[in-house]
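**Student:** I'd like to ask you about the structure that follows.
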Amino acid sequence: ASLSRQLTEVHQEGLRLPPTKLYRAGVLNQELLNIITANVRMPDQNWGDMKAQYASVNIGEAKVKEIIARFGAETFSQGVEDLLDLADAQARRVIGSIPDGEHFFADYMDEDSPDGYPARIALNLIVKGDGLIFDYTGSDPQLASSINIPTGGDERHVLMMVGAVYVLYTLDPTILRNSGLLRACRCILPDGSLMNPQFPAAVGMRSLGVGRLMSVIFGAFAQALPERLQGGPGCGGPLLNVRTTDNRTGKTLMANVSPITAGAGASAAGDGSEGCGANQAFFKNTPAEINEADVPIRILEYGLAPDTAGPGKHRGGLSTTMLFQVFAPHTVLTARNRDRSVFTPWGIAGGSASKPSQFIRNPGTDNEINLGNTDVVTANPGDVFRITAAGGGGWGPAHERDVEAVLSDCRGGCISVEGAEEDYGVVIHDGAVDEDATRERRRVMAAQAGNEFFGHSPGRIDFEKIWTLPLYDRLTDVLARMPVNWRFFVKHHLFAAIEALDTDEVSPDALDAALAELLVEHPQLQEHVVAAE
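Its first residue numbered 88, the sequence shown is counted upward by one per residue in the numbering used here.
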């Protein structure tokens with residue numbers, strides 16, 4: 088429950104301890120350990136994890152001492168600096184091969200709070216010489232939910248740089264992955280934004296924001312290097328935690344169940360990888376038998392989900408899906424990082440977006456409930472849940488995909504017969520391609536194809552019909568003039584006002600009018616608004 092977007096400030100997210108040594112000179116601080124274990128549900132598991140970390144640090148220390156004993160402290164220190172310098176030189180060489188320019192890209196999280204409005208992360212990527220500037224001006228204000236990304240304004244904060252590391256490594260797999268490769272990069276992080284929130288903003292689900300941040304970085308670089316980068320990385324599947332009761336013993340049990348992973352985006356080099364990708368740290372699955380042994384649930388189905396990949400000449404990777412049943416009352420599911428049920432991973436170079444993620448309670452029954460992006464659910468005995476992530480985005484027009492590849496995907500269960508025809512223009516009857524019908528269907532698809540570089544989901548297309556770039560830019564300017572503690576409230580008020588207009592054409596003037604009404608309604612805000620330049 089400490090990992091939910093429902094939380095609004097950091098004190099709700101668990102015990103806060105200032106930096107304190109658990110071991111001092113090798114002696115355990117038992118008093119501190121008692122405080123920690125008294126504040127967690129499964130103290131034995133947590134203490135086991137901490138002991139493993141302690142042991143790994145000790146082993147690392149011993150190995151470093153062995154190197155120093157062999158080569159000397161000065162040589163060791165110089166070697167560390169040389170490795171950092173080499174990574175810096177490698178990164179600058181890669182960056183220098185990218186044409187100078189500015190590349191804007193934005194992407195959205197489905198909700199900025201439970202049942203809220205979309206949250207935008209905007210990036211202007213500036214490539215200049217052998218350096219990169221990541222300017223996040225235009226991103227949403229800090230949120231009254233836990234998906235803020237705590238950076239403290241550090242222009243090279245590690246959370247802001249994961250996507251950049253992936254890109255540089257993609258462009259040169261020999262590059263050293265250490266902090267030296269980030270010397271050529273810096274970020275502009277507006278204060279009081281979701282990229283640089285002020286205390287006491289909630290930050291427990293920051294990994295959702297970081298995942299979206301990575302896709303934004305990929306989207307910006309894709310414009311500079313369309314033949315090297317991939318479509319939007321799949322995501323939206325949670326890191327699933329189950330807390331339940333063993334009906335035989337009455338004992339509370341809790342475990343992290345296999346992550347519901349997504350597929351990677353496709354590229355000019357080929358299809359995206361299935362059920363695994365950068366946006367979820369390349370997690371591996373946990374065998375169903377292990378999950379069922381850890382907690383009393385029954386996994387009814389687990390595997391790749393057909394038709395979830397973004398169509399393209401090269402299709403995105405399929406996502407995974409899990410169907411499972413619980414058996415005890417008051418079973419709590421924490422589906423951390425649920426997202427991409429509206430704004431799905433995008434395709435590039437004519438490729439299409441993937442299908443939405445899903446979280447369904449009791450699917451296929453009269454009691455079916457679409458849980459959307461709910462992240463904490465209390466289940467009843469016998470409840471069945473299906474969770475499906477969103478696949479990776481496609482690369483290139485889908486009607487140009489090799490017909491035999493589509494047929495192979497269909498025979499292998501990766502796409503349905505209906506998906507083959509609708510998404511790829513390949514008509515299949517009785518397991519064979521109808522060549523005449525396929526030729527005609529693809530002719531129609533080619534005639535209807537646009538020339539947009541990005542292929543976005545229907546949810547994003549509908550959203551941006553109203554929230555155009557000029558309108559969202561005006562919103563960003565307005566919110567930047569507000570006191571930080573008012574920004575989220577003002578954003579929601581203005582979104583509601585625009586929504587109430589019930590029109591697809593909204594000018595920035597309409598936003599200004601809604602703001603004027605708000606200032607009349609809340610005169611105490613007026614005196615704190617910074618005047619427009």
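Glycine included, each C-beta is placed from N, C-alpha and C at the ideal position.
Small disclaimer: the values here were computed from a predicted structure and weren't measured.
Can you give me the C-alpha to C-alpha distance between R207 and T373, rounded to a whole angstrom?
**Tutor:** C-alpha separation (whole angstroms): 33 angstroms.
**Student:** From G362 to H401, what does the alpha carbon distance come to, in whole angstroms?
**Tutor:** Taking the straight line joining both Cα atoms gives about 16 angstroms.
**Student:** I'd like to check one pair, G434 with G480: are the Cβ atoms closer than 8 angstroms?
**Tutor:** Yes, these two residues count as a Cβ contact at 8 angstroms.
**Student:** Checking contacts by CB at 8 angstroms: is H609 closer than that to chain B?
**Tutor:** Given the protein chain composition of this structure (a single chain), no chain B is represented.
**Student:** In the DSSP assignment, what are the bridge partners of Y195?
**Tutor:** R207.
**Student:** State whether the segment 156-167 contacts the segment 180-189, with contact taken as three or more CB pairs (one from each stretch) at a distance under 8 angstroms.
**Tutor:** No: fewer than three Cβ pairs fall under 8 angstroms.
**Student:** Quick check on DSSP: helix, strand or coil for I220?
**Tutor:** I220 falls in the strand class under three-state DSSP.
**Student:** Whether or not the segment 554-568 and the segment 534-544 are in contact is what I'm after, with contact meaning three or more pairs of Cβ atoms, one per stretch, closer than 8 angstroms; do they touch?
**Tutor:** No, the segment 534-544 is not in contact with the segment 554-568.
**Student:** Suppose contacts are defined by Cβ-Cβ distances below 8 angstroms. Is A476 in contact with S444 by that definition?
**Tutor:** Yes, these two residues count as a Cβ contact at 8 angstroms.
**Student:** Do the CB positions of V252 and L268 come within less than 8 angstroms of each other?
**Tutor:** Closer than 8 angstroms, so yes.
**Student:** Assign F286 to one of two classes, buried (16 or more other C-beta atoms within 10 Å of its C-beta) or exposed (fewer than that).
**Tutor:** Exposed, since its Cβ has fewer than 16 Cβ neighbours within 10 Å.
**Student:** Is it true that the CB of I447 sits closer than 8 angstroms to the CB of R473?
**Tutor:** Contact: yes.
**Student:** Any idea which residues DSSP pairs M137 with across the strands?
**Tutor:** In the DSSP output, where bridge partners are listed per residue, M137 has none listed.
**Student:** When you compare each of I553, W134, D564 to A584 by their alpha carbons, which one comes out closest?
**Tutor:** The option with the nearest alpha carbon to A584 is I553.
**Student:** Can you grab the Cα-Cα spacing for the pair D600 / Q229, in whole Å?
**Tutor:** Residue 600 is actually Ala in this sequence, not Asp. About 24 angstroms.
**Student:** Which of the three DSSP states, helix, strand or coil, is assigned to I384?
**Tutor:** Correct three-state label for I384: strand.
**Student:** Hey, could you find the ends of the alpha helix (DSSP H) I122 is sitting in?
**Tutor:** Unbroken alpha helix (DSSP H) run through I122: 117-124.
**Student:** If you draw a straight line from the alpha carbon of D560 to that of Q611, how long is it in whole angstroms?
**Tutor:** Going by the C-alpha atoms only, they are around 25 angstroms apart.
**Student:** Around the Cβ of A436, are there at least 16 other Cβ atoms within 10 angstroms (buried) or fewer (exposed)?
**Tutor:** Label assigned to A436: buried.
**Student:** Expressed to the nearest angstrom, what Euclidean distance is found between the alpha-carbon atoms of H486 and V290?
**Tutor:** Their Cα atoms are separated by approximately 43 angstroms.
**Student:** How many whole angstroms separate the CB atoms of R299 and T257, which I take to be in contact at a CB cut-off of 8 angstroms?
**Tutor:** Actually they are not in contact, since the Cβ atoms of R299 and T257 sit about 19 angstroms apart, beyond 8 angstroms.
**Student:** Assuming C274 is part of the beta strand (DSSP E), what are its boundary residues?
**Tutor:** Its beta strand (DSSP E) spans residues 272-275.
**Student:** Is it right to say S143 is buried, meaning 16 or more other beta carbons lie within 10 angstroms of its own, or is it exposed?
**Tutor:** Exposed: under 16 other Cβ atoms inside 10 Å.
**Student:** Closer than 8 angstroms is the cut-off here; do at least three beta carbon pairs connect the segment 406-421 with the segment 452-466?
**Tutor:** These segments touch.
**Student:** Taking only three categories from DSSP, how would you classify N145?
**Tutor:** N145 falls in the helix class under three-state DSSP.
**Student:** Distance, Cα to Cα, A422 vs L295?
**Tutor:** Spanning the two alpha carbons is a distance of roughly 12 angstroms.
**Student:** Under DSSP, the alpha helix (DSSP H) around V593 begins and ends at which residues?
**Tutor:** That residue, V593, is in no alpha helix (DSSP H); it is neither H nor E in DSSP.
**Student:** Just how far apart, CA to CA, sit F191 and A139?
**Tutor:** If you take the alpha carbons of F191 and A139, they lie about 43 angstroms apart.
**Student:** List in chain order: all unbroken beta strand (DSSP E) runs of 3+ residues lying wholly within the segment 323-369.
**Tutor:** Correct list: 326-332, 339-343.
**Student:** For K578, is the classification buried or exposed, using 16 other Cβ atoms within 10 angstroms of its Cβ as the cut-off for buried?
**Tutor:** The residue in question, K578, is buried, as its Cβ has 16 or more Cβ neighbours within 10 Å.
**Student:** My output table needs one value for I213: the three-state DSSP class, helix, strand or coil.
**Tutor:** In the structure shown, I213 sits in a strand (DSSP, three-state: E or B).
**Student:** When you compare only the Cα positions, how much space is there between H244 and D358?
**Tutor:** So the two alpha carbons sit approximately 32 angstroms from each other.
**Student:** How big is the Cα-Cα spacing for I262 and V616?
**Tutor:** Whole-angstrom Cα-Cα distance: 47 angstroms.
**Student:** Leaving aside the five residues before and after E508 along the sequence, list all residues of the same chain whose C-beta is less than 6 angstroms from its C-beta, in chain order.
**Tutor:** Here the set comprises V514.
**Student:** Could you tell me which residues DSSP pairs with Y110 in its beta bridges?
**Tutor:** Bridge partners of Y110: L115.
**Student:** DSSP has H516 in a bridge; who is on the other side?
**Tutor:** Partner(s): A519.
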